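Contents: one structure, followed by commentary.
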Amino acid sequence: MYHKIMLPVDLNEEASWKKALPTAITLCQTFGASLHVVTVLPDVKMPMVGAYFPKNFSKKAHEAVKEAQHAFIQENVPDGIQTQSVIVDGSPWEAIIKAGKQLDIDLIVMASHNKRKFVDYVLGPNAEHVVHHAKISVMIVR
9 MYHKIMLPVD LNEEASWKKA LPTAITLCQT FGASLHVVTV LPDVKMPMVG AYFPKNFSKK
69 AHEAVKEAQH AFIQENVPDG IQTQSVIVDG SPWEAIIKAG KQLDIDLIVM ASHNKRKFVD
129 YVLGPNAEHV VHHAKISVMI VR
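Residue numbers for the sequence shown follow our numbering, so the first one is 9 and each next one is one higher.
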């Protein structure tokens with residue numbers, strides 16, 4: 009049923025993956041699907057924003073996240089699952105949807121989390137946007 013499953017993660021926020029990761033792993037094992045772990049970096053390349061960051065900041069940030077994401081995958085994803093590390097720039101929900109299209113993803117599995125408890129009661133804002141704007145199936149894990 010599923011061939012490519014995306015798991016968006018914020019490597020600095022365990023709540024972004026703690027509950028969703030086991031679900032994504034089970035789905036990958038059940039369907040023989042590949043797992044695409046996606047981390048979104050804020051877009052600092054805009055001239056107005058980029059002027060405030062040191063030279064090569066974006067490149068160094070990507071390298072650091074790439075290393076951290078590979079360590080995350082090695083520690084948390086079983087060896088039998090084909091896994092791809094993906095790092096994208098932009099607003100979280102837009103970048104997740106864009107990456108899903110580019111990678112031809114069948115299912116996005118993501119956690120609903122937010123530090124503002126009242127907003128999280130319904131659904132985190134990024135998860136809500138992904139659910140409403142994605143053209144593919146989205147599973148929200150609470």
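Beta carbons: idealized from backbone N, C-alpha and C, even for Gly. None of these values were measured; they are calculated from a predicted model.
Residue 92 by DSSP, collapsed to three states: which one? strand
Cβ-based neighbour list, residue 137, same chain, cut-off 7 Å, excluding 5 preceding and 5 following: Within the same chain, residue 137 has close Cβ partners 101.
Restricting to Cα atoms, I'd like to know which of 145, 99, 49 and 37 is closest to residue 73. 49
Which partner residues of residue 12 appear in the DSSP bridge assignment? 42
Rounded to whole angstroms, what is the Cα-Cα separation between residue 99 and residue 51? 7 Å
Looking only at C-alpha atoms, which of 31, 86 and 106 sits nearest to residue 95? 106
Identify whether residue 116 lies in helix, strand or coil by the three-state DSSP scheme. strand
Quick check: the Cα distance between residue 145 and residue 114, rounded to an integer number of angstroms? When rounded, the distance between both Cα atoms is 7 Å.
Per DSSP, what are the beta-bridge partners of residue 97 in this structure? 49
So, for residue 150: in the same chain, excluding its five sequence neighbours on each side, which residues have a beta-carbon less than 6 Å away from its beta-carbon? Correct list, in chain order: 120.
Measure the CB-CB distance between residue 12 and residue 112 and report whether it falls below 9 Å. yes
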